[in-house]
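Student: Before I ask anything, let me first share the structure, which is written out below as structure tokens.
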């Protein structure tokens, strides 16, 4: 699997579960970096990836070059996630036997009830959400992370810097 990895608790748990089920040779962690991702988040993501014993690949999804994203309307997250999943798809296609790989994310069941335009982008890109499919809540995910000894188990949610800028 190719894991859309942020270094947060959700993506860490889905990555840890994937590694346990599939083995390290069948898991790739990929994190999109760019102007809206602080370097401290990238460093922390590398530390979490090391705890899971998987290498982290960083990519620039270049959403900041998209006029739709720059318009900063209520679909900003959709445009950003569309670029992310297109980039992850290109990464998947670069792997040996690309048809054997799937892109997965850390969306949980509670995310499904929120207004999240990025979920539409994930559906369009056929991204699988194992935690949501398993019916796991954020509390469930934090308990799993703690049981697995992941230091991110109690990390507060860290919204994207772009989400802190009002639309318009």
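Residue numbers (this note's numbering): 645 to 812.
Every residue gets a Cβ at the ideal spot worked out from N, C-alpha and C, and that includes glycine.
Which residue marks the beginning of the beta strand (DSSP E) containing residue 702, and which one marks its end?
Tutor: Residue 702 -> beta strand (DSSP E) spans 700 to 703.
Student: Let me see if you follow: with CB-CB separation under 8 Å, is residue 720 close to chain C or not?
Tutor: No chain C is part of this structure, which consists of one protein chain only.
Student: Have a look at residue 792 and residue 659 and give me their C-alpha separation to the nearest angstrom.
Tutor: Whole-angstrom Cα-Cα distance: 12 Å.
Student: When you compare the stretch 692 to 705 with the stretch 677 to 684, are there three or more beta-carbon pairs, one atom per stretch, that lie closer than 8 Å?
Tutor: Yes, the stretch 692 to 705 is in contact with the stretch 677 to 684.
Student: Only counting runs of 3 or more residues, tell me where the beta strand (DSSP E) segments fall wholly within the stretch 665 to 711, in order along the chain.
Tutor: You should have 672 to 676, 700 to 703.
Student: Please report the Cβ distance between residue 764 and residue 781, rounded to the nearest whole angstrom; I am assuming they are in contact, meaning their Cβ atoms lie under 8 Å.
Tutor: Wrong, their Cβ atoms sit about 22 Å apart, outside the cutoff.
Student: Label residue 812 either buried or exposed according to how many other C-beta atoms from any shown protein chain fall within 10 Å of its C-beta, with 16 as the threshold for buried.
Tutor: So residue 812 counts as exposed.
Student: What alpha helix (DSSP H) runs, 4 residues minimum, are completely inside the stretch 713 to 796?
Tutor: Correct list: 720 to 738, 761 to 768, 774 to 777, 782 to 791.
Student: With a threshold of 8 Å, are at least 3 pairs of Cβ atoms found where one atom belongs to the stretch 708 to 719 and the other to the stretch 683 to 694?
Tutor: Touching, no, given that fewer than three Cβ pairs across the two stretches are closer than 8 Å.
Student: Select from 741, 664, 645 the residue whose C-alpha is nearest the C-alpha of residue 672.
Tutor: Among 741, 664, 645, the Cα nearest to that of residue 672 is on 645.
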